[in-house]
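These notes are about the structure you will find just below.
2 protein chains.
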Amino acid sequence: MYNRSPTTAGVGGMTERGERQKDELIEAAIELFASNGYAGTSIRDIAKLTGRSVSNVYHYFEDKEALWLAILEYSAKGIPERLRAALAAGGPPLERFRNLIRTHLQLSATQQREAKIFHIDEERLSPTGKRINRRIQKEILDIYLGELERLRAEGLVGGGNLRVLAFNVLGVINWHLRWQHHVAGIPAANIHEEMIDFILFGLQGARVHADRGG
Amino acid sequence: MYNRSPTTAGVGGMTERGERQKDELIEAAIELFASNGYAGTSIRDIAKLTGRSVSNVYHYFEDKEALWLAILEYSAKGIPERLRAALAAGGPPLERFRNLIRTHLQLSATQQREAKIFHIDEERLSPTGKRINRRIQKEILDIYLGELERLRAEGLVGGGNLRVLAFNVLGVINWHLRWQHHVAGIPAANIHEEMIDFILFGLQGARVHADRGG
DNA sequence: GACTAGATCGAACGATCGTTCTATATCTAA
DNA sequence: TTAGATATAGAACGATCGTTCGATCTAGTC
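Protein sequences appear in the order of chains A and B.
Here the first sequence stands for residues 2 to 215, where the numbers follow the working numbering.
Here the second sequence stands for residues 2 to 215, where the numbers follow the working numbering.
Shown next as structure tokens:
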């Protein structure tokens, strides 16, 4: 009997080899999605890059978006977890925060392509895809908001709106993805530390500009 | 005789009405490119939104990319000019810089869609398109680098690498495009001033992290 | 060796893509 | 009023898209 929905993606088992092939497909998809975008990447491109057939891709993933979501599952979804892990080390709020940003920057550097996918092209996703994407982004934002409150309690953050400040911080961090290749000759770790300094001093200087309490 | 290449896009004249229609097409294209991306927007979408035929679009623009470049010409290309105009007002370096960022933020707020187009999807463009896009981005970067040097001469910028600092500033500014809709109840002008404070204090705090002179 | 479930393939479907062709309207200048 | 340029439309082309179908191949199990 012919089986509706991918043979192996359902509850039915999957060979160890199958798992390996599936990961290989995800790897290829990450590469292509990151450089050509969602709408700019075809299933055929992914099949060609892995040297397999189009229908074989559909054997592992129900459709194109399922493949996208698998990538999110595979990588981006782990970002909030890792950030929280970095915070779990404890220490004084300032050190915690430095560590948070450092971890975040290292993560972006290691998983450049995944991080890029995570930020582009949201509009082309289905409502479900959007929802998942936004949930992860919100998780990250909340992590930063929580730490900013801690820092403010210590008097290390000026009077600006915390939400605005969090977005400023994320702007510096995420924008890094776009230019990290264009700065040669400086060790990545040094760049990260300079960025951390920029952020911390920026937070300290935040002033209130009326219309809303701190 | 049939005329190769768009009838009116060449040297041959174009009616005043034609100019209006062309602008209308550009307007629609901006709307669609901004919300669906380059690969995600079809010529048919643009034709439908303007209530005209597909071939009529080709009457005004040689191909899809020419339409994209017309948008750049129409809006994004003016950004460096306006930034330089903001600097031309003169004044002490700190005020100049504040004014630069303020102008930049206001421009992004006014031309949200155009600014968004300007930043996404570069990979899908032809070499020519990429070149033009990058030239504009470089112009903007150079404007900031120049001002940062001025500020440093005044002792208002710490010791970090100027290029890194410029990217940090642009990160805060450009990321603003992504979240400005998600902050309600605060006047835009106040948000802008808080962002400017964040940036200026961040610059002051920049420290050298070895391996490169200031 | 036969059975079965997973893995892989080639071909095709209908939809949509960018683009072109050919044919009309519409307008303007002589 | 008519000639010529401009503006617009509809139909079609070949390519590619996401997706499906039916068939074969492969690797274990009885």
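Using N, Cα and C, we set each Cβ at its ideal position, and we do this for glycine too.
Between residue i and residue j, what straight-line distance do the alpha-carbon atoms span, to the nearest angstrom?
i	j	result
I84 of chain B	L73 of chain A	Checking the sequence, you will find Leu at residue 84 of chain B rather than Ile. L84 of chain B and L73 of chain A: Cα-Cα distance of roughly 38 Å.
Y75 of chain A	S54 of chain A	23 Å
L70 of chain A	E115 of chain A	12 Å
I174 of chain A	A207 of chain A	18 Å
V58 of chain B	L95 of chain B	47 Å
R132 of chain A	K139 of chain A	10 Å
I200 of chain B	A35 of chain A	30 Å
S6 of chain A	D24 of chain A	In this prediction, S6 of chain A scores a pLDDT of 43, lower than 50, which makes its location untrustworthy; the coordinate-derived value is nonetheless stated afterwards. The alpha-carbon atoms of S6 of chain A and D24 of chain A are separated by roughly 19 Å.
N100 of chain A	H193 of chain B	28 Å
G11 of chain B	G19 of chain B	Low local confidence applies: a pLDDT of 41 at G11 of chain B is under 50, so the model's placement there is unreliable, and no value is given.
A86 of chain A	V158 of chain B	34 Å
R179 of chain B	S43 of chain A	27 Å
V184 of chain A	H105 of chain B	24 Å
E148 of chain B	F98 of chain B	7 Å
R151 of chain A	E63 of chain B	57 Å
N134 of chain B	E82 of chain B	15 Å
L126 of chain A	I47 of chain A	18 Å
G172 of chain B	G172 of chain A	5 Å
A190 of chain A	D143 of chain B	25 Å
R153 of chain A	G91 of chain A	17 Å
K49 of chain A	A29 of chain A	9 Å
E17 of chain B	G130 of chain B	28 Å
F202 of chain A	A89 of chain B	29 Å
S56 of chain B	R45 of chain B	9 Å
P128 of chain B	G41 of chain A	16 Å
P188 of chain B	M15 of chain A	55 Å
P93 of chain B	E195 of chain B	20 Å
Looking at C-alpha atoms only, which residue of the options is the closest neighbour of residue i?
i	options	result
G186 of chain A	B:G92, B:V170, B:R164	B:R164
Q22 of chain A	A:H60, A:G206, A:I133, A:E32	A:H60
H177 of chain A	B:V170, B:A189, B:A67	B:V170
I67 of chain B	B:Y39, B:V209, B:G159	Ile is not the amino acid found at residue 67 of chain B; the sequence shown has Ala there. The residue with the shortest Cα to Cα distance from A67 of chain B is B:Y39.
I197 of chain A	B:N191, B:L204, B:Q181	B:L204
T51 of chain A	A:T104, A:L33, A:K65, A:E63	A:L33
I27 of chain A	A:G147, A:R153, A:A90, A:K65	A:K65
E124 of chain A	B:E123, B:N37, B:F62, B:E195	B:N37
E182 of chain B	B:A90, B:F202, B:S56, B:Q113	It should be pointed out that residue 182 of chain B corresponds to His in this sequence rather than to Glu. Of B:A90, B:F202, B:S56, B:Q113, the residue nearest in Cα terms is B:Q113.
Please check the pair residue i and residue j, which I expect to be a contact at CB under 8 Å, by giving their CB distance rounded to whole angstroms.
i	j	result
Y145 of chain A	A110 of chain A	Their Cβ separation, rounded to whole angstroms, is 19 Å, which puts Y145 of chain A and A110 of chain A out of contact at 8 Å.
I80 of chain B	L108 of chain B	6 Å
I118 of chain B	I31 of chain B	7 Å
K78 of chain A	I137 of chain A	6 Å
V209 of chain B	G161 of chain B	6 Å
* Asked: What residues in the stretch 39-68 of chain A have a beta carbon less than 7 Å from any beta carbon of chain B?
  -> Residues A40, G41.
* **chain A contacts made by the stretch 148-165 of chain B, where a contact means CB separation under 8 Å** => When C-beta distances to chain A are compared with 8 Å, the residues of the stretch 148-165 of chain B below that value are G159, G161, N162, R164, V165, in chain order.
* Any residues in the stretch 119-132 of chain B with a beta carbon nearer than 8 Å to a beta carbon of chain A? Which ones, in chain order? -> Against chain A - using a Cβ distance shorter than 8 Å - the residues of the stretch 119-132 of chain B are I121, D122, E124, R125.
* Asked: Quick one, which residues of the stretch 93-118 of chain B are near chain A if we go by CB-CB under 8 Å, in chain order?
  -> Answer set for the stretch 93-118 of chain B: empty.
* Contact list for the stretch 192-210 of chain A against chain B, Cβ threshold 9 Å -> Hits within the stretch, in order: I192, H193, E194, E195, M196, D198, F199, I200, L201, F202, G203, L204, Q205, G206, A207, R208, V209, H210.
* Give the residues from the stretch 17-34 of chain B that approach chain A closer than 8 Å (Cβ to any Cβ), ordered along the chain. => Cβ contacts with chain A: none found.
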